Every structure is written in structure tokens, then in C-alpha cells.
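Residue numbers (our numbering): 11 to 237.
See the structure below:
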């Protein structure tokens, strides 16, 4: 009778062990699938970015060329995010401190040809992580603001500064501040915002984050977004 009980216990242990091995395999397969998806999306975005770059280089019209370059920059923003997710352990959230620094490096690289030397200051809570639904619109907002500053804020200046801050605000809320010390927004910036794709896109992305946007125009442009 004792042997029979031991056999039953061993049988149960064997079943549990097999189930554990099956679950481990399923988990590993899921992780590999997530990793592969982010890797392929990143590669496809980089291909699209390269195609836009090739197309821009064959066009002589400056306005069209600029539009293609801006689209390329927006796509690169998403490619960087998928690359960061590919490198994480859970494949779903990304450290915003690391993401911001990589984004800024990419933006600085694309504007190396301008005469103005721009100094970036980044103040980010290293514990802040966002999932892809938050990180993509946030990254696109940062891209639009940085691009606008490089193109318009420092015209005629030999140096400039951009300060970026991302901190926790109230429970479940975050405060993002982007400020430059450039020439500031034009006096009719509200009218211009309606006509500018970049500024219109920022407003749409802020709405997507269920946030509010506050602009001030003193000693440069300052954008404060709470979301």
C-alpha cells in the first residue's frame, strides 16, 4: 500500500514537472515572438526611412525635400523605440531616461550641418517607464519640438540651449517641459499653429495622451505638457 502511494506521488510530481516544462517552453516562445516582432518592425521602419532619404536626395524642390526629411525623422523616432523594446526584458516598457538620450543624440546628429551649437540638458526621473502606447506619441512630441527649435529658434545665433524635463506630477500623471532660449514663438503663433503640421501634430498627440498643453513665450519658447 505504501509503495502504491509513493507511485501515485511520483506520478503527480512527473505530471507537474511536465506541465512546468511546457509552461516554460510557451513562455520562452512568447518572449522570442515579442523580440522578433520588435526587431522586424524596427528593420521595416529603417527601410522606409532609407527609402524616404533616397527619394529626398533625388528631389530639387526644397519644400518637398524638407517634408520628406521630416517624415523620415518621425519614422526614426518609432524605430528607436522598437529597438529599445527589443533590448528590454519584458518587451513592453522602456526606460524614458534612456529613450530620451538616444532620441536627442539622433536629432543632434541630423542637424550637425547647422552653424549653431546647441546644448541639451535632460532632467528625467530614471524610474519612469512607458509602454509603447505612451512612448510613441511622447517620442513624436519630443521630435517635433526639438526639430522646430533647431530650425527656427536659433537662426543667426552661434549657440543655444534646450532644457528637457520629465517628472512624475500627481498620482498617475507626468509633467514634461521643453524649453529653449531662442528667439521665441512669433506673436501670431496661435494662427501659425493652425497652419503648421508640426504644431498641429503636437496638439493631436497631446490629446492622444489625454494631456494639456501650456505655451509661454518668454526668453524663448516653453512647452509644458501634463498627461
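We put the beta carbon where it would ideally sit given N, CA and C, even for glycine. Note that the structure is a prediction, hence the values are computed from the model and not measured.
Contact defined as beta carbons within less than 8 Å: I believe residue i pairs with residue j. What is the distance between those atoms, to the nearest angstrom?
i           : j           : result
residue 59  : residue 82  : 5 Å
residue 151 : residue 159 : With 8 Å as the limit, residue 151 and residue 159 do not qualify as a contact, their Cβ atoms being about 13 Å apart.
Which residue wins for smallest C-alpha separation from residue i, given the options the options?
i           : options            : result
residue 188 : 93, 31, 135, 230   : 230
residue 53  : 20, 66, 94         : 94
residue 255 : 182, 166, 211, 184 : In the structure displayed, the chain extends from 11 to 237; residue 255 sits before or after that span and is not available.
residue 116 : 190, 236, 88, 72   : 88
residue 157 : 190, 92, 236       : 190
residue 232 : 194, 222, 210, 220 : 194
residue 142 : 226, 160, 30, 91   : 91
residue 164 : 186, 125, 180      : 125
residue 130 : 121, 68, 170       : 170
residue 235 : 182, 51, 221       : 221
residue 121 : 70, 24, 80         : 80
residue 133 : 108, 154, 155      : 108
Give the DSSP-derived three-state secondary structure of residue i in the structure shown.
i           : result
residue 69  : coil
residue 204 : Legend: pLDDT at residue 204 = 42, less than 50; position of this residue unreliable, no value from coordinates given.
residue 51  : helix
residue 140 : strand
residue 165 : coil
residue 246 : In this structure the chain extends from 11 to 237, so residue 246 is not present and cannot be described.
residue 227 : strand
residue 176 : strand
residue 113 : helix
Does the ligand FAD have even one heavy atom less than 7 Å from the beta-carbon of residue i?
i           : result
residue 148 : Looking at this structure, you won't find the ligand FAD or any other ligand, since it has none at all.
Considering just the uninterrupted stretch of the beta strand (DSSP E) at residue i, what are its terminal residues?
i           : result
residue 231 : 231–236
residue 160 : Taken as a continuous stretch (DSSP letters only), residue 160 belongs to no beta strand (DSSP E), as it is neither H nor E.
residue 183 : Element bounds for residue 183: n/a, residue is neither H nor E.
residue 131 : 127–134
Exercise. Can we say the region 145–153 touches the region 213–225, given the rule of at least three CB pairs closer than 8 Å?
Worked result: Enough Cβ pairs lie closer than 8 Å, so yes.
For this session: Specify whether the region 56–76 and the region 100–116 touch according to this definition: at least 3 beta carbon pairs, one from each stretch, less than 8 Å apart.
Result: Segment contact: the region 56–76 against the region 100–116, fewer than three CB-CB distances shorter than 8 Å; contact not assigned.
Exercise. Just checking, does the region 130–142 make contact with the region 174–190 on the three C-beta pairs under 8 Å criterion?
Worked result: A contact exists between the region 130–142 and the region 174–190.
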